[in-house]
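Report on the structure given below.
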Amino acid sequence: MKKPPSGLITALKESNNLLVLTGAGMSAESGVPTFRDAQTGLWEKFRPEDLATPEAFRDQPQVVWDWYAERRTRISTISPHPGHAALVEMEQYFECFMLVTQNVDSLHQQAGSKNVIELHGNIMRSVCSRTGKAIDDEWIAASNDRPPLSPHHPSGLARPGVVWFGEELPTGTMNRATAAALDCDICFSIGTSTLVQPAASLPFVALDAGATVVEINPQPTRLSSAAHFSLRATAASSLPVIAAALAGYKRA
Ligand code: NAD
């Protein structure tokens, strides 16, 4: 994208309160596949939607643990892209800036974003399958079991610290994200298919509350026709252009 729509920059200029919702597409240009991308290698015959569930972990804990171990290894080698950096830059131009991500890869925090809500947890953390208590990395590294036993419960196992399909989000987390959607002047929905609930409801909550809604996605989604601006662009190609245009106005 060479230039953002001028109406979008005017709306941003007049706003104090920005909410950004990101999904797997935000990380795609850093090399993290979305769930809609085909799986490769060992995992070709599995669908992510079938592995990222409590039932899969109950029935095949080792398969699920190994799949997450492979994702962790891949994620530990990647870096944020210019789209992540642009969001860090944009943060300074607003009195209130909240970044709600469905991603579990910490790329926003690695880039330097401060006000981040991780709706679906973080893949680098492990928790006890019975109590939900955090398990230290040293404990995981010292175990040869896949998955390691939990130190917190006699029949607990270590599991990834993420929210699986079919699991409830921590109440406080979703309440804070919903409050931000109700309060914001502008809501960006970036790289998300807006299919996975309840995260997918957030841009619609913002829309109903009177906010300007901006979608960034190379593909149309169910949000596209309702959004005020639906940009058919990738995160890394469009966000730096928007941040640069905004810097011109905000610094003037
Ligand atoms: P999704 O896989 O359902 O949709 C991804 C969306 O991103 C698609 O609409 C696609 O068109 C768009 N997209 C692809 N490349 C893009 C780019 N370069 N720039 C902008 N948009 C792009 O993802 P979702 O809506 O986030 O839901 C899937 C679930 O999977 C979430 O719960 C999320 O937690 C999880 N997930 C997380 C990661 C991660 O942490 N990086 C990766 C895969 C899946």
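Taking numbering that gives the first Met the number 0, the leading residue of the sequence shown gets 0, the next gets one more, and so forth. Think of the CB as a built atom: it goes at the ideal place given N, C-alpha and C, for glycine as much as any other residue.
Below 7 angstroms, is the gap between the Cβ of residue i and the nearest heavy atom of the ligand NAD?
i	result
E117	no
For residue i, count neighbouring C-beta atoms within 10 Å of its own C-beta (all shown protein chains included) and say buried if the count is 16 or more, exposed if not.
i	result
T220	buried
A184	Note that residue 184 is Asp in the sequence shown, not Ala. Its Cβ being crowded by 16 or more others within 10 Å, D184 is buried.
T191	buried
Y67	buried
A27	buried
G252	The structure shown does not extend to residue 252, since the chain spans only 0 to 251, so no value can be given for it.
T76	exposed
L194	exposed
D58	exposed
S29	buried
E117	buried
N216	buried
S5	exposed
On the three-state DSSP scale, how would you describe residue i?
i	result
L20	strand
F228	strand
G171	helix
S188	strand
S112	coil
A51	coil
P239	helix
G82	helix
G30	coil
R73	helix
A210	coil
E166	coil
E13	coil
With distances taken between CB atoms, is the gap from residue i to residue j smaller than 8 angstroms?
i	j	result
A294	Q101	Because residue 294 is not part of the residues shown, which for the chain are 0 to 251, the question remains open.
P202	L50	no
I189	V161	no
R129	P146	no
M89	A242	yes
T33	G165	no
V204	A225	no
L230	M0	yes
P60	L206	no
D104	I74	yes
H227	V213	yes
Should residue i be flagged as near chain B, meaning a C-beta pair shorter than 8 angstroms?
i	result
R129	Any reference to chain B falls outside this structure, which holds one protein chain only.
Taking only heavy atoms of the ligand COA into account, decide whether any of them is closer than 7 angstroms to the Cβ of residue i.
i	result
V212	Looking for the ligand COA in the displayed structure turns up nothing; the ligands present are the ligand NAD.
- Contact set, the ligand NAD heavy atom to C-beta under 5 angstroms: Cβ-based neighbours of the ligand NAD within the cut-off: G22, A23, G24, S26, A27, E28, V31, T33, F34, R35, Q101, N102, V103, D104, H119, G190, T191, S192, V195, N216, Q218, T233, A234.
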